[in-house]
Amino acid sequence: MARLKDDKLFLRRGDSAAGKRARPVLLLLVFVAAGLMLLSRLDHGMIGDVRWRAQSWLTPVLQGAMIPAEPIREIGRSISTHVDLGNELARLRQENQKLENWKWRARQLEAKVADLEALAKVVPEQKLDFVTSRVIADSSGAFGRSVTIDAGRSRHVKEGYPVINADGLVGRIVDASQNVARVLLATDLNSRIPVQIGPNAVRGILAGDNSSRPKIIYVPEGANIAIGDDVATSGTGGLFPAGLRLGTVAGNLSDPRVQLRADLDRLDYVSVLFYADPFRDLTDDLANRRAAGEASNVTAPAGKPK
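Quick note on numbering: the sequence shown equals residues 47 to 352 in my numbering.
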């Protein structure tokens with residue numbers, strides 16, 4: 047027992063002596079590290095030259111040390127890529143199966159709708175022509191949101207025509223010259239678009255306020271709308287054709303707004319739909335007929351008295 051105590055005492059003394067010997071070395075290393083940090087902060091030509099030479103000497107050594115690890119790293123990347131591709135392939139197969147089911151269902155519904163339309167003698171929808179043009183100027187600012195496109199009356203573009211891109215409705219033509227036209231964006235303060243919201247086709251007006259998310263106004267009280275509901279043009283008033291995508295309901299339901307599908311800040315190519323307001327065409331036709339009737343009455347020769 048006494049010998050065991052002596053051994054423990056000897057070990058404690060040895061540890062204490064080793065600790066005392068290591069303490070100056072530790073302090074020296076701390077001072078060296080602090081000195082190197084201070085030198086690295088100094089903007090001196092000699093220090094920069096030393097640093098550059100050290101990097102030049104160490105670069106081949108580090109590159110040589112990385113050579114054996116590169117094949118291992120490449121194998122790891124290949125395995126990770128293979129696993130990711132396998133997961134992506136499985137997901138795409140599932141999605142493809144779902145789409146095939148929906149495709150079959152859509153064909154059934156399409157045939158059923160065609161039969162019902164033929165039975166009810168429904169007037170077919172008008173197929174719209176269009177012209178694609180490029181945005182050449184962005185006139186958006188604090189008081190308005192509009193862009194200029196390189197298509198005008200020479201390409202049959204008229205005021206009031208809707209403008210879309212691959213994502214959805216962008217706006218409508220408000221001014222058209224011979225070779226260019228100005229598009230009033232859906233976010234402009236003066237923009238008003240009749241819309242239908244959600245699966246219940248709730249009617250409302252999409253009103254721009256120069257922000258990225260236009261608001262929905264004139265929604266019937268107690269209307270059943272929810273965040274994420276799709277918003278599309280309703281066709282009410284004849285200004286826009288029905289069914290053009292706009293976006294989804296976002297924000298607070300007490301002040302509903304629409305997150306537009308089209309990024310109006312990054313417009314490049316857009317398409318102008320040749321869709322004229324049918325009510326305006328009807329009014330113009332009636333006005334032309336009335337004018338023609340008045341002109342015929344004025345120019346008709348007076349009859350001979352009996």
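Positions of the beta carbon are idealized from the N, C-alpha and C atoms, including for glycine.
Where does residue i sit, in a helix, a strand or coil, going by DSSP?
i, result
"Gly217", "strand"
"Ala227", "strand"
"Ile263", "strand"
"Ala338", "helix"
"Leu50", "The predicted position of Leu50 is uncertain, since its pLDDT is 46 and thus under 50; no value can be drawn from it."
"Arg59", "Unreliable placement is indicated for Arg59, whose pLDDT of 47 sits below 50; no coordinate value is reported for it."
"Phe189", "coil"
"Val169", "coil"
"Arg312", "coil"
"Pro106", "helix"
"Phe176", "strand"
"Leu319", "strand"
"Tyr70", "It is Pro, not Tyr, that sits at residue 70 in the sequence shown. Pro70 falls in the helix class under three-state DSSP."
"Ala222", "strand"
"Asp184", "strand"
"Val203", "coil"
"Lys350", "Bear in mind that a pLDDT of 49 at Lys350, under 50, signals an unreliable position, so the model cannot answer this."
"Ala100", "helix"
"Ala111", "helix"
"Phe29", "Any answer about residue 29 is impossible in this case: the structure gives the chain only from 47 up to 352."
"Gly268", "coil"
Out of the options, state which residue places its alpha-carbon closest to the alpha-carbon of residue i.
i, options, result
"Ser179", "Val71, Asp314, Ala322, Tyr321", "Asp314"
"Gly274", "Arg307, Leu290, His202", "Arg307"
"Asn211", "Gln172, Leu75, Val316", "Val316"
"Ile262", "Asn246, Pro240, Gly132", "Pro240"
"Leu197", "Val216, Gly187, Asp221", "Reading off the sequence shown, one finds Ala at residue 197, where the question assumed Leu. Of the candidates Val216, Gly187, Asp221, the one whose C-alpha sits nearest the C-alpha of Ala197 is Asp221."
"Leu252", "Arg291, Ile219, Arg335", "Arg291"
"Val226", "Arg303, Asp213, Ile182", "Ile182"
"Ala247", "Ser257, Asp234, Thr294", "Thr294"
"Asn237", "Ile243, Gly187, Gly254", "Here the sequence assigns Ser to residue 237, which means Asn is not the residue at that position. Comparing Cα positions, the closest option is Gly254."
"Met83", "Glu116, Arg201, Arg97", "Arg97"
"Leu230", "Ser257, Asp213, Gly190", "Gly190"
"Gly244", "Ile271, Ser200, Glu267, Asn147", "Ile271"
"Arg199", "Val193, Arg228, Lys158", "Arg228"
"Val277", "Asp311, His128, Phe176, Arg259", "Arg259"
"Pro287", "Thr233, Ala111, Gly217", "Gly217"
"Ser223", "Asp234, Thr194, Gly214, Gly250", "Thr194"
"Leu319", "Ala80, Asp311, Val203", "Val203"
"Asn256", "Pro266, Ile121, Gly283, Leu235", "Leu235"
"Tyr321", "Asp311, Asp309, Gly284, Asp301", "Gly284"
"Glu205", "Val107, Ile219, Asp213, Ser192", "Ile219"
"Glu267", "Ser126, Gly281, Leu299, Ser280", "Leu299"
"Ser186", "Glu163, Leu165, Thr233, Val169", "Thr233"
Is any heavy atom of the ligand FAD found at a distance shorter than 8 angstroms from the C-beta of residue i?
i, result
"Pro240", "In the structure shown, the ligand FAD is absent, as is every other ligand, since no ligand is present at all."
I need the boundaries of the beta strand (DSSP E) containing residue i, first residue and last residue.
i, result
"Asp276", "276-279"
"Ile210", "208-210"
State the beta-bridge partners of residue i as determined by DSSP.
i, result
"Ala296", "Arg303"
"Arg238", "Ala253"
"Arg291", "Ala278"
"Thr194", "Ala183, Arg228"
"Val248", "Ile243"
Would you mind reading off the limits of the alpha helix (DSSP H) that contains residue i?
i, result
"Val159", "115-166"
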